[in-house]
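A.B. asks: Under the numbering used here, think of the first position of the sequence shown as 17, with each following residue one higher. Positions of the beta carbon are idealized from the N, C-alpha and C atoms, including for glycine. These numbers come from a predicted model, not from an experiment. This structure is in structure tokens; I'll ask about it shortly.
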Amino acid sequence: MKEYPIYIGGKSRKSSSGKTFETINPATGKALAKFQEGTRKDATSAIKAAEIGFKKWSNVPAPKRGDILFNVAVILKKRKKELAKLLVMEMGKVLPEALGDVQEAIDVFEYMAGEGRRLFGHTTTSELSEKFCMTIRRPLGVVGLITPWNFPFAIPAWKLSAALICGNGIVFKPSSDTPLCAITLVEILYEAGVPRDVVNFVTGPGATVGDEIIQSNKVFGISFTGSVPTGEYILKNAGIKKVGLELGGKNGIIVMDDADLDLAVDGIIWGGYGTTGQRCTAASRVIVHTKVKKQLEKKLIARIKKLRLGSGLDPKTDVGPLINQSTLEKTHSYTKIGLSEGAKLLCGGKYGQRTGFFYQPTLFTNVKKNMRIAREEIFGPTVVIIEISNIDEAIKTMNDVDYGLSSSIYTQNIKNSFKAIEDIETGITYVNSSTIGAEVHLPFGGIKKTGNTREGGIHGIDEFSEIKTVYVDYSGTLQRAQIDNK
Ligand code: NAD
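Right under this line is the structure:
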């Protein structure tokens with residue numbers, strides 16, 4: 017089995033522990049490749065190398081950095097199909113979604129490449145004469161990028177592209193479930209012309225490699241996507257540095273009595289069972305009006321029963337495996353919790369009849385908003401139905417969770433739509449569309465326990481740059497603001 021290195025200062029190395037771990041194909045349970053189990057020492061070496069890389073890279077003009085990011089997009093485009101297949105093998109999502117994952121990486125590298133010719137600050141007036149005021153953007157220095165496994169190309173690409181265009185040095189630690197996609201992306205960056213010491217790559221446990229990165233006082237920014245407990249730990253332990261957190265969700269779809277039900281069913285199936293429910297924006301709650309509940313349930317059951325489990329590479333497959341054994345067990349434990357809480361199981365609730373980590377698409381109804389299955393992130397193919405009788409109750413139910421990432425409402429009524437847009441407490445709201453489907457030129461992120469940042473679009477730049485305020489006084493005299501002009 018092939019063994020992959022870590023990359024420090026442009027050199028490929030083995031872990032200082034001498035240990036390795038395996039990445040697993042979740043559809044078969046079989047190992048794909050070996051990776052280095054990095055250590056705190058390796059993380060420290062990577063940070064040192066990134067400091068050197070940063071000094072050079074931050075002096076490269078931003079449009080030139082942009083040219084290199086364009087090259088990345090070109091290579092990704094050329095290799096799109098091959099990369100998507102690799103992604104399916106390592107992460108399990110179905111091929112059309114894997115192609116979308118790679119496409120998202122292409123889009124964000126193209127977008128951020130263009131940002132090299134913007135990186136806008138602003139100019140403004142001064143309260144004194146012969147004085148000029150403006151802001152410029154400066155990179156943070158060395159930044160740590162820590163990523164999950166569910167979008168193995170797209171999420172690293174969002175972070176790498178924005179961090180690179182701003183001129184930072186990088187230490188990248190991917191999830192141990194998808195290091196093969198991560199190293200492939202890093203090698204594409206090198207091929208495209210990103211200097212090797214600018215992007216340092218260390219695989220290994222979050223508790224050691226990740227922890228060393230977040231606690232280092234040589235690292236000035238952390239961009240983290242993952243679970244709430246890890247995010248909370250990072251916030252408490254990172255010290256004074258910029259920390260961007262993109263965490264979990266318990267996203268809901270409201271279906272009002274005037275909704276186009278067939279459209280809503282399409283959105284629920286896509287949002288709830290797409291990526292086997294393993295999206296931070298997955299629709300895990302359906303908040304439905306009493307008048308259409310029965311009808312909606314009937315339509316959903318019919319559709320769910322037709323969903324086929326299988327390998328993501330099989331064109332007949334609708335729902336791929338979960339990422340690993342512990343996620344599979346966690347999903348099943350929530351089925352047991354739902355039943356013990358008194359919810360009614362309409363479909364699924366069982367392990368898939370295959371090798372690998374398969375779970376049947378699961379639907380619960382008669383769920384009360386205080387039940388654990390209605391409040392906690394399951395991150396599997398489990399959707400719960402909660403009944404409401406008016407728009408105010410729907411929005412109150414939607415907001416009655418700790419998370420605030422994505423939301424959706426299906427209605428033909430403009431008043432319901434705007435109430436939802438204004439009053440739902442999430443970073444993203446869709447009208448007559450599902451909870452998933454971010455576009456890279458728009459901000460992405462949540463509120464409440466979902467996090468504290470926005471990635472994508474011009475806001476993606478804020479996470480990886482500092483604003484410096486510049487005053488140029490060309491009067492030739494000492495002018496004191498707030499004193500000499502009053
Ligand atoms: P996770 O928190 O277990 O791990 C994420 C990363 O953090 C991994 O690389 C892991 O090794 C690292 N890590 C773990 N402990 C660490 C520590 N003490 N210090 C530093 N790093 C540490 O999450 P996961 O299971 O990989 O991903 C699933 C979660 O990610 C879900 O909760 C999902 O909602 C969330 N997610 C959020 C978004 C978003 O944009 N909001 C997107 C995708 C996934």
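(1) How far does the beta strand (DSSP E) with Asn41 in it reach, from first residue to last?
(2) Look at the alpha carbon of Ser481 and the alpha carbon of Lys321, and state the distance between them as a whole number of angstroms.
(3) To the nearest angstrom, how far is it from the Cα of Ile24 to the Cα of Ala173?
(4) Taking all protein chains shown into account, do 16 or more other C-beta atoms lie within 10 angstroms of the C-beta of Asp193, making it buried, or fewer, making it exposed?
(5) Whole angstroms is fine: what's the gap from Arg153's alpha carbon to Gly443's?
(6) From the DSSP output, which residues share a beta bridge with Ala49?
(7) Determine the extent of the beta strand (DSSP E) in which Tyr446 is found, giving its start and end residues.
(8) For the alpha helix (DSSP H) that His475 lies in, which residues bound it at each end?
(9) In angstroms, rounded to a whole number, what distance separates the CA positions of Lys27 and Ala62?
(10) So what's Arg153 in DSSP terms, helix, strand or just coil?
(11) How should Pro168 be labelled, buried or exposed, when 16 other C-beta atoms within 10 angstroms of its C-beta is the threshold for buried?
(12) Can you determine whether any heavy atom of the ligand NAD sits closer than 7 Å to the C-beta of Pro42, and answer yes or no?
(13) Report all residues from its chain with a CB closer than 6 Å to the CB of Cys309; omit the five preceding and five following residues, and keep chain order.
(14) Any idea if Leu458 is buried or exposed, counting beta-carbon neighbours within 10 angstroms, 16 or more meaning buried?
(15) Would you check if the distance between the CB atom of Ser450 and the CB atom of Gly220 is smaller than 8 Å?
(16) Ignore the nearest five residues each way along the sequence and tell me which others in Phe428's own chain have a CB closer than 6 Å to its CB.
(17) Between Asp586 and the ligand NAD, is there a pair consisting of the residue's CB and a ligand heavy atom that are separated by less than 7 Å?
(18) So, for Phe460: in the same chain, excluding its five sequence neighbours on each side, which residues have a beta-carbon less than 6 Å away from its beta-carbon?
(19) Assign Phe395 to one of three DSSP states: helix, strand, or coil.
(20) Do Lys147 and Tyr426 have their C-beta atoms closer together than 8 Å?
(21) Leaving aside the five residues before and after Val210 along the sequence, list all residues of the same chain whose C-beta is less than 6 Å from its C-beta, in chain order.
(22) Within 7 Å: the Cβ of Ile230 and any heavy atom of the ligand NAD?
(23) Using the Cβ count rule (16 or more neighbours within 10 Å means buried), how would you classify Thr139?
(24) Would you say Gly185 reaches chain C, if we count a Cβ-Cβ gap shorter than 8 Å as a contact?
(25) Could you spell out the range, first to last residue, of the alpha helix (DSSP H) harbouring Gly336?
(26) In this structure, what does DSSP give as the bridge partners for Ser424?
(27) Given the structure, does Gly462 come close to the ligand NAD, in the sense that its CB is under 7 Å from one of the ligand's heavy atoms?
(28) The ligand NAD and Asp489: does the residue's C-beta get closer than 7 Å to at least one heavy atom of that ligand?
(29) Looking at C-beta atoms only, is the number of pairs between the region 304 to 319 and the region 340 to 357 that lie closer than 8 Å three or more?
(30) Just checking Ile513 against the ligand NAD - is the residue's beta carbon closer than 7 Å to any of the ligand's heavy atoms?
(31) Which stretch, first to last residue, makes up the alpha helix (DSSP H) that contains Ala299?
(32) Does the beta carbon of Glu262 fall short of 7 Å from some heavy atom of the ligand NAD?
(33) Use the C-beta contact count for Ile40: other C-beta atoms within 10 angstroms, 16 or more gives buried, fewer gives exposed.
(34) Relative to the C-alpha of Ile162, which residue among Gln495, Ser300, Gly247 is closest?
(35) Quick one: Cα of Ile12 to Cα of Pro397, how far?
(36) Please confirm whether any heavy atom of the ligand NAD lies closer than 7 Å to the CB of Phe373.
C.D. replies: So, to answer that:
(1) Where Asn41 is concerned, the enclosing beta strand (DSSP E) stretches over 36 to 41.
(2) Cα to Cα, Ser481 sits roughly 48 Å from Lys321.
(3) Spanning the two alpha carbons is a distance of roughly 19 Å.
(4) When all chains shown are included, Asp193 counts as buried.
(5) So the alpha carbons of these two residues sit roughly 25 Å apart.
(6) In DSSP, Ala49 forms a bridge with Thr39.
(7) Per DSSP, Tyr446 is one residue of the beta strand (DSSP E) stretching across 444 to 447.
(8) In the DSSP assignment, His475 falls within the unbroken alpha helix (DSSP H) covering 475 to 479.
(9) Straight through space, the alpha carbons of Ala62 and Lys27 are spaced by roughly 10 Å.
(10) Looking at Arg153 - three-state DSSP - the assignment turns out to be strand.
(11) Under a 10 Å Cβ-count criterion, Pro168 is classified as buried, with 16 or more other Cβ atoms of the shown protein chains found around its own Cβ.
(12) No, since every heavy atom of the ligand NAD falls outside the 7 Å radius drawn around the Cβ of Pro42.
(13) According to the sequence shown, residue 309 is Lys rather than Cys. Within the same chain, Lys309 has close Cβ partners Glu403.
(14) Taking all protein chains in view, the Cβ of Leu458 is surrounded by fewer than 16 other Cβ atoms within 10 Å, so the residue is classified as exposed.
(15) No, Cβ-Cβ distance for Ser450 and Gly220 is not below 8 Å.
(16) According to the sequence provided, residue 428 is Gln. The question's Phe does not apply to it. Excluding residues within five positions, the ones whose Cβ falls inside 6 Å are Asp274.
(17) Past the edges of the chain, shown from 17 to 502, lies residue 586, and the structure says nothing about it.
(18) Here the set comprises Ala454, Glu471, Gly472.
(19) Note: Phe395 maps to coil in three-state DSSP.
(20) Taking a C-beta distance under 8 Å as the contact criterion, Lys147 and Tyr426 do not qualify as a contact pair.
(21) These residues qualify, in order along the chain: Ile84.
(22) Result yes, Cβ under 7 Å from the ligand NAD.
(23) With fewer than 16 other Cβ atoms within 10 Å, it is exposed.
(24) Annotation note: the requested chain C is absent from the structure, which comprises a single protein chain.
(25) In the DSSP assignment, Gly336 falls outside any alpha helix (DSSP H) and carries neither an H nor an E.
(26) DSSP lists Ile269, Tyr446 as the bridge partner or partners of Ser424.
(27) Yes; taking the cut-off as 7 Å, the Cβ of Gly462 has a heavy atom of the ligand NAD nearer than that.
(28) Flag unset: Cβ of Asp489 not near the ligand NAD.
(29) Taking a cut-off of 8 Å for Cβ pairs, the region 304 to 319 and the region 340 to 357 do not touch, as fewer than three such pairs fall below it.
(30) No answer is possible for residue 513: the residues shown for the chain start at 17 and end at 502.
(31) Under the DSSP assignment, Ala299 falls outside any alpha helix (DSSP H), being part of the beta strand (DSSP E) whose first and last residues are 299 to 305.
(32) Using a cutoff of 7 Å, the CB of Glu262 counts as near the ligand NAD, since one of the ligand's heavy atoms is closer than that.
(33) Buried: at least 16 other Cβ atoms inside 10 Å.
(34) Of the listed residues, the one whose Cα sits closest to Ile162 is Gly247.
(35) The question about residue 12 has no answer here: the residues shown for the chain are numbered 17 through 502.
(36) At a cut-off of 7 Å, the beta-carbon of Phe373 does not count as near the ligand NAD: no heavy atom of the ligand is closer than that.
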